[in-house]
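Q:
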Amino acid sequence: MKKYLFLAMATMMAAACSHPTADKTTQVVESSRLTDCNISLNGLHFTKSLNGAEKQVSDSAGIITFRAKPQADFFCDPNGKISQDDAAILFMEIDNKKPFTYSAKVKTGFTPEGTYNAAVLFVYANDTLWQKLCFEQDERGTHRVVSVRTIGTSDDNNHEVVNEDTESIYFKISSDAQTIANYYSLDGKTWQMVRLYKNEYGDKIYLGICSQAPQSDECISTFENLQLTTDHVKDFRLGE
């Protein structure tokens, strides 16, 4: 009897692994807060805006300037105390069933009082399913790479410290439709992986840019060489 009971349990476990139940938090639902826009920046076509982002950007000779809204952020705090969803973000829709690489040279408008000021690259499905890669100022005034992934609530990961004399760094987000990885580089040649995870977004997602100023009245960020290609990195560890 014990033998048959064990076999039955093993069969049930195998079936559960083969046919996982979808977590409701990963189901992609179109955000009703997105509004239509029609903005071309550095050859990329942005068609969705959140919190009036279309009014916060300008483009001059391929350099995109993004003025953050004062005291605005995008973060789903696990304890609910400091959650905000009022940062302005500009989005373009992509086919997530296909590979992509999204990259830019970013510069953040750091200020002495600008804790959490950041230039940001976004991957977004809806208000509770997204991730961002930030060049951010932390609580000690240090400049560093930060990533946040949100599935219902946000995690918050402080990565490498960047020398304060370094004004700009390079960001890259790449997916082969199965995996998404985040990278930064100081020279645009040698890449450091900061985050890698399973691509559980839906068939359609949005890639975006943002400038955030959660605790200050100003953050003027710039994005250069903003690019979207239909390939992916060949080595997810090296980012090349």
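Counting from 1, position 218 in the sequence shown corresponds to residue 581 in our numbering; the numbering is continuous, with no gaps.
Note that CB positions come from ideal geometry on N, CA and C, so glycine has one too.
Note that the coordinates shown come from a computational prediction; the quantities given were computed from them, not determined experimentally.
Under 8 Å between the Cβ atoms of T592 and F473?
A: Result no, Cβ atoms of T592 and F473 do not sit closer than 8 Å.
Q: Suppose you measure from the CA of A424 to the CA of E587; what does that come to, to the nearest Å?
A: If you take the alpha carbons of A424 and E587, they lie about 10 Å apart.
Q: Buried or exposed for S574, please, with buried defined as at least 16 other CB atoms from any protein chain shown within 10 angstroms of its CB.
A: Per the 10 Å Cβ criterion, buried.
Q: Could you give the DSSP three-state label for A450: helix, strand or coil?
A: Coil.
Q: Cβ-heavy atom distance between T553 and the ligand SAM below 7 Å?
A: Summarising the ligand content, the structure contains no ligands, and the ligand SAM is consequently not present.
Q: Just to confirm before moving on: does the CB-CB distance between K495 and V483 stay below 8 Å?
A: Cβ atoms of K495 and V483: closer than 8 Å.
Q: Kindly indicate which residue of A416, N405, D580 and T491 has the alpha-carbon position closest to the one of D399.
A: Here the closest residue by C-alpha is A416.
Q: Report, in whole angstroms, the separation of the C-beta atoms of L559 and Y465, which I expect to be a contact under 8 Å.
A: About 15 Å; that fails the 8 Å criterion.
Q: Kindly identify the DSSP beta-bridge partner or partners of T428.
A: DSSP output for T428 lists S421 and T585 as bridge partner(s).
Q: By DSSP, does A604 sit in helix, in strand, or in coil?
A: It is not possible to answer for residue 604, since the shown part of the chain is limited to 364 through 603.
Q: What separation, rounded to the nearest whole angstrom, lies between the Cα atoms of M455 and I445?
A: Looking at the two C-alpha atoms, the distance is approximately 28 Å.
Q: Buried or exposed: where does N414 fall if 16 or more other Cβ atoms within 10 Å of its Cβ makes it buried?
A: Buried.
Q: Just list the residues that DSSP pairs G571 with in beta bridges.
A: In DSSP, G571 forms a bridge with F454 and F485.
Q: Could you say which of W554, D519 and S421 lies nearest to C439 if we only look at CA atoms?
A: Answer by Cα proximity: D519.
Q: In whole angstroms, give me the CA-to-CA distance for Q434 and E499.
A: In a straight line, the C-alpha of Q434 is about 15 Å away from that of E499.
Q: Find the nearest neighbour of N480 within the set D458, A450 and V486, judged by alpha-carbon distance.
A: N480 has its Cα closest to that of A450, out of D458, A450 and V486.
Q: With H522 and S510 assumed to form a contact (beta carbons below 8 Å), what rounded beta-carbon distance in angstroms separates them?
A: So it is a contact: roughly 7 Å between Cβ atoms.
Q: According to DSSP, simplified to helix, strand and coil, what is A540?
A: The answer is coil: DSSP assigns A540 none of H, G, I, E or B.
Q: Keeping to the same chain, check which residues put their C-beta closer than 6 Å to that of S548; ignore five residues upstream and five downstream.
A: Taken in chain order, the residues that qualify are Y533 and W554.
Q: When you compare the CB positions of F429 and Q419, do they come within less than 8 Å of one another, or not?
A: Closer than 8 Å, so yes.
Q: Do the CB positions of A540 and F599 come within less than 8 Å of each other?
A: Not closer than 8 Å, so no.
Q: Specify, as a first and last residue, the run of the beta strand (DSSP E) that H595 falls within.
A: Looking at the DSSP string, H595 is not in any beta strand (DSSP E), and its letter there is neither H nor E.
Q: Between which two residues does the beta strand (DSSP E) carrying F473 extend?
A: Looking at the DSSP string, F473 is not in any beta strand (DSSP E), and its letter there is neither H nor E.
Q: Whole angstroms are fine: how far does the CA of E530 sit from the CA of A467?
A: Roughly 14 Å separates the two Cα atoms.
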